[in-house]
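Peer 1: One point on numbering: in the UniProt record's numbering, the residue at position 257 of the sequence shown is 257, and numbering is uninterrupted.
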Amino acid sequence: MSIREGYRIRLGSFKKQQQQQQQQQQVAQAQEELRSSSPRVLEPLCSASSHMASRSGSPKKRNETLRLIVITFCGVALGFFIGIFFTRFGLTYRLGNDFLRAQDIQLNDPAASSPSRHPRGTEGLPLGIIVPETDLYQRRLWGNPSEDLPSSPSKYLVTFTVGIKQKEIVNKAVAKFPKEWTILLFHYDGVTDDWDDLEWSKTAIHISAKKQTKWWYAKRFLHPDVVAPYDYIFIWDEDLDVENFDGEKYIHLVRKYGLEISQPALEPDKGLTWQMTKRRGDVEVHKTTEERPGWCTNPLLPPCAGFVEIMAPVFSKKAWRCVWHMIQNDLVHGWGLDFSMRRCVEPAHEKIGVVDSQYIKHQVVPSLGQQGEASDGKQPWEGVRERCRFEWKIFSDRIEAAEAHGAVSSLPTEPL
1 MSIREGYRIR
11 LGSFKKQQQQ
21 QQQQQQVAQA
31 QEELRSSSPR
41 VLEPLCSASS
51 HMASRSGSPK
61 KRNETLRLIV
71 ITFCGVALGF
81 FIGIFFTRFG
91 LTYRLGNDFL
101 RAQDIQLNDP
111 AASSPSRHPR
121 GTEGLPLGII
131 VPETDLYQRR
141 LWGNPSEDLP
151 SSPSKYLVTF
161 TVGIKQKEIV
171 NKAVAKFPKE
181 WTILLFHYDG
191 VTDDWDDLEW
201 SKTAIHISAK
211 KQTKWWYAKR
221 FLHPDVVAPY
231 DYIFIWDEDL
241 DVENFDGEKY
251 IHLVRKYGLE
261 ISQPALEPDK
271 GLTWQMTKRR
281 GDVEVHKTTE
291 ERPGWCTNPL
301 LPPCAGFVEI
311 MAPVFSKKAW
321 RCVWHMIQND
331 LVHGWGLDFS
341 MRRCVEPAHE
351 KIGVVDSQYI
361 KHQVVPSLGQ
371 QGEASDGKQP
381 WEGVRERCRF
391 EWKIFSDRIE
401 AAEAHGAVSS
411 LPTEPL
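1. Is the stretch 155-162 touching the stretch 177-186, taking contact as three or more C-beta pairs under 8 angstroms?
2. Under the assumption that Pro293 contacts Lys278 (Cβ atoms under 8 angstroms), give the Cβ distance between them as a whole number of angstroms.
3. Apart from the five residues just before and just after Glu309, which ones in its own chain have a Cβ nearer than 6 angstroms to its Cβ?
4. Among the residues of its own chain, which have a CB less than 8 angstroms from the CB of Val332, if the five just before and after it don't count?
5. With H, G and I counted as helix, E and B as strand and the rest as coil, what does DSSP make of Phe245?
6. For Val364, count the other beta carbons within 10 Å of its own beta carbon; 16 or more makes it buried, fewer makes it exposed. Which is it?
7. Taking only three categories from DSSP, how would you classify Ile130?
8. Among Leu222, Glu238, Trp320, which residue has its Cα nearest to the Cα of Ser262?
9. Considering only C-alpha positions, which residue in the set Lys210, Tyr188, Val174 is nearest to Trp200?
10. Between Asn298 and Val226, what straight-line distance do the alpha-carbon atoms span, to the nearest angstrom?
11. Would you mind reading off the limits of the alpha helix (DSSP H) that contains Lys351?
12. Taking the alpha-carbon positions, what's the Asp356 to Arg280 distance?
13. Could you tell me which residues DSSP puts in a beta bridge with Trp236?
14. Check the DSSP bridge columns for Ile207 and list the partner residues they point to.
15. Among Val354, Cys296, Phe315, Phe307, which has the Cα closest to the Cα of Leu266?
16. With respect to the beta strand (DSSP E) encompassing Val314, which residues constitute its N-terminal and C-terminal limits?
17. Once the 5 residues before and after Arg140 are set aside, which same chain residues still bring their CB inside 7 angstroms of it?
18. Does the distance from the CB of Phe315 to the CB of Tyr232 come in under 8 angstroms?
19. Considering only C-alpha positions, which residue in the set Glu248, Glu238, Thr192 is nearest to Ser367?
20. Tell me the DSSP secondary structure of Tyr359 in three-state form.
21. Can you tell me which of Trp295, Lys202, Trp274, Gln358 puts its alpha carbon nearest to the alpha carbon of Asp282?
22. For Asp352 versus Glu260, is the C-beta distance shorter than 8 angstroms?
23. How many Å lie between Gly258 and Gln379 at the Cα?
24. Using the rule of at least 16 other Cβ atoms within 10 Å of the residue's Cβ for burial, across every protein chain shown, is Gly190 buried or exposed?
25. Pick from Val170, Met311, Asp330, Met341: whose alpha carbon is nearest that of Pro272?
26. For a test of the three-state rule: what should DSSP assign to His252, helix, strand or coil?
27. Nearest CA to the CA of Val345: which residue from Lys317, Trp335, Asn329?
28. CB-CB under 8 angstroms to His118, same chain, minus the five flanking residues each way: which ones, in chain order?
29. Could you check what DSSP says for Lys176 in three-state terms: helix, strand or coil?
30. Distance, Cα to Cα, Gln275 vs Pro264?
31. Out of Arg255, Leu136, Trp236, Pro302, state which residue places its alpha-carbon closest to the alpha-carbon of Val285.
32. What does a CB cutoff of less than 6 angstroms around Ala348 pick up in its chain, not counting 5 residues either side in sequence?
33. Looking at the unbroken alpha helix (DSSP H) that takes in Ser396, where does it start and where does it end?
34. Using 8 angstroms as the threshold, is the C-beta distance between Ala218 and Ile360 below it?
35. Give me the Cα-Cα distance between Pro153 and Gly75, rounded to the nearest whole angstrom.
36. So the alpha helix (DSSP H) Ala218 belongs to, where does it begin and stop?
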């Protein structure tokens, strides 16, 4: 066991003891309130009943019956006043079991789905009307709102950042996912109407902003509170050959192996950079690899483990909530994210992996490069590639500075 793990265990134990002490203090306070208030109410009631029993002069059997009635009456009254007390003070207890994670339950909160406290700026609203999350489900303009959605709405979101020139490639890719899944297209060339001849496109969501990247879109339109209903989010490039891929089988393997961040394996071909994402023919999933000499300072760190590329990542909603916060507003290409996504799951070498039995080919179509501008004698794609490398350095410097400043917490956090 490492020093860090030992520290986290001790800290968790200390926090648990603190919670237990707080609960004991709350119970003691409740008991004190009951002792000081309920006896004044119950005493005359119970005394009157006892007095009636003592005056009856009935046989022993009748006395026993009256005694039972008195005890029952006092017990019901005591329970009533306990209920009044807890409702009045709205005590919150920490509950948990082996099957469900511990959760805060507000005993006097009638709306189970409302937040436990006000989000910033909503202090003037009653908690029961606040809806802190949303979704991408499309609704009708007529009828009963409760009947807009199917009984089991989609739990999977698939996004592509596309240009019209890759229409056929994207069409083949979408066909590999069940029709019930939510499809979202980000159009970097501004062309949306020319997709309407595809049947699935009529129910897909289209968002257009010219000459923007998928990470620019993801930061602005895939906020964790927007995609909260989805168990998994695919954030894919447009130039992927998916002949040997099936969306449902992929999700089955992701769940089977407990992957929070993943990608389909890449068929060995041109453009393959990392050994970690290269397909293996003898396993369903792999989580570690051996790289070129000197590339991995630690076998459990990227690029030998805890690593996937940014061309076709798949995130659980829990992992995405963390990764989204790491995306920088001004760094639009996402270079460097692949080496830092490990920070969002623990242990990363167990929860980040590559699915070998569902694999793809990266066709390396330089479409995004053509969205750049030629300058100083350089081709448009050269300026884009130069910007990618520059962003990688900026991102790495920011991560390093944040760690040096102590902004990266090593303390355990509450589960999402």
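Where a beta carbon is used, it is the ideal one built from N, C-alpha and C, also for glycine.
Peer 2: To lay it out plainly:
1. Inter-segment contact for the stretch 155-162 and the stretch 177-186 is present: three or more beta-carbon pairs are separated by less than 8 angstroms.
2. Numbered from its first residue, the sequence shown carries residue 293 at position 293. Numbered from its first residue, the sequence shown carries residue 278 at position 278. That belief does not hold up - the Cβ atoms of Pro293 and Lys278 are roughly 17 angstroms apart, past 8 angstroms.
3. Residue numbering aside, residue 309 sits at position 309 when the sequence shown is read from its first letter. The residues are Thr277, Asp338.
4. By one-based count along the sequence shown, residue 332 stands at place 332. Excluding the 5 residues flanking it on each side, Val332 has same chain C-beta neighbours closer than 8 angstroms at Gln212, Thr213, Trp215, Trp216, Glu391, in chain order.
5. Walking along the sequence shown from the start, residue 245 turns up at place 245. It is coil, neither helix nor strand.
6. Indexing the sequence shown from 1 puts residue 364 at position 364. The residue in question, Val364, is exposed, as its Cβ has fewer than 16 Cβ neighbours within 10 Å.
7. Position 130 of the sequence shown, counting from 1, holds the residue named residue 130. Ile130 falls in the coil class under three-state DSSP.
8. Taking the first residue of the sequence shown as position 1, residue 262 is located at position 262. Distance check between Ser262 and each of Leu222, Glu238, Trp320 places Trp320 closest, using alpha-carbon atoms only.
9. Translated into positions along the sequence shown, residue 200 becomes position 200. Val174 is the residue among Lys210, Tyr188, Val174 whose C-alpha sits nearest the C-alpha of Trp200.
10. In the sequence shown, the residue the question calls residue 298 occupies position 298. In the sequence shown, the residue the question calls residue 226 occupies position 226. Distance between the alpha carbons of Asn298 and Val226 is about 36 angstroms.
11. Taking the sequence shown and counting its residues from 1, one reaches residue 351 at position 351. Here the alpha helix (DSSP H) through Lys351 covers 348-351.
12. Taking the first residue of the sequence shown as position 1, residue 356 is located at position 356. Taking the first residue of the sequence shown as position 1, residue 280 is located at position 280. Those two C-alpha atoms are separated by around 6 angstroms.
13. Indexing the sequence shown from 1 puts residue 236 at position 236. Per DSSP, Phe160.
14. Position 207 of the sequence shown, counted from the start, is the residue given in the question as residue 207. According to DSSP, which records beta bridges pairwise, Ile207 is partnered with Phe186.
15. Position 266 of the sequence shown, counted from the start, is the residue given in the question as residue 266. Relative to the Cα of Leu266, the nearest Cα in the group Val354, Cys296, Phe315, Phe307 belongs to Val354.
16. Here the question's residue 314 lines up with position 314 in the sequence shown. That run of the beta strand (DSSP E) goes 314-316.
17. Taking the first residue of the sequence shown as 1, we reach residue 140 at position 140. If we look at Arg140 and ignore the five residues flanking it on each side, its Cβ neighbours are Asp148.
18. For the purposes of this step, residue 315 is identified with residue 315 of the sequence shown, where counting begins at 1. For the purposes of this step, residue 232 is identified with residue 232 of the sequence shown, where counting begins at 1. For Phe315 and Tyr232, yes; Cβs fall inside 8 angstroms.
19. Counted from its first residue, the sequence shown places residue 367 at position 367. That would be Glu238, whose Cα lies nearest to the Cα of Ser367.
20. Counting from 1 along the sequence shown, the entry for residue 359 is found at position 359. When DSSP states are grouped into helix, strand and coil, Tyr359 belongs to the strand group.
21. Looking up residue 282 in the sequence shown gives position 282. Out of Trp295, Lys202, Trp274, Gln358, Gln358 has the C-alpha closest to the C-alpha of Asp282.
22. Taking the first residue of the sequence shown as 1, we reach residue 352 at position 352. Taking the first residue of the sequence shown as 1, we reach residue 260 at position 260. Sequence check: residue 352 is Ile here, not Asp. Their beta carbons are under 8 angstroms apart, which means Ile352 touches Glu260 by this criterion.
23. If you number the sequence shown from 1, residue 258 lands on position 258. If you number the sequence shown from 1, residue 379 lands on position 379. Distance between the alpha carbons of Gly258 and Gln379 is about 44 angstroms.
24. Within the sequence shown, the letter at position 190 stands for residue 190. Gly190 is exposed by the Cβ-count criterion.
25. Along the sequence shown, read from residue 1 onward, the residue named residue 272 stands at position 272. Sequence check: residue 272 is Leu here, not Pro. Between Leu272 and the set Val170, Met311, Asp330, Met341, the nearest pair of CA atoms involves Met311.
26. Residue mapping note: residue 252 aligns to position 252 of the sequence shown, counting from 1. DSSP places His252 in helix when its eight states are reduced to three.
27. Against the sequence shown, residue 345 aligns to sequence position 345. The option with the nearest alpha carbon to Val345 is Lys317.
28. Indexing the sequence shown from 1 puts residue 118 at position 118. Cβ-Cβ distances below 8 angstroms link His118 to Leu125, Leu127, Ile130 in the same chain, with the five nearest sequence neighbours on each side left out; the list follows chain order.
29. The count along the sequence shown starts at 1 and reaches residue 176 at position 176. In the structure shown, the three-state DSSP call for Lys176 is coil.
30. The sequence position of residue 275 within the sequence shown is 275, counting from 1. The sequence position of residue 264 within the sequence shown is 264, counting from 1. In this model, Gln275 and Pro264 are separated by some 13 angstroms (Cα to Cα).
31. For this step, residue 285 is matched to residue 285 along the sequence shown. Cα-wise, what sits closest to Val285 is Arg255.
32. Numbered from its first residue, the sequence shown carries residue 348 at position 348. Closer than 6 angstroms at the Cβ level, and outside the excluded window around Ala348, lie Gly306, Arg342.
33. Numbered from its first residue, the sequence shown carries residue 396 at position 396. Residues 380-405.
34. As a first step, residue 218 must be located in the sequence shown, where it is residue number 218. As a first step, residue 360 must be located in the sequence shown, where it is residue number 360. No, they are not a contact pair.
35. Looking up residue 153 in the sequence shown gives position 153. Looking up residue 75 in the sequence shown gives position 75. Those two C-alpha atoms are separated by around 48 angstroms.
36. Against the sequence shown, residue 218 aligns to sequence position 218. Counting along the chain, the alpha helix (DSSP H) containing Ala218 begins and ends at 214-221.
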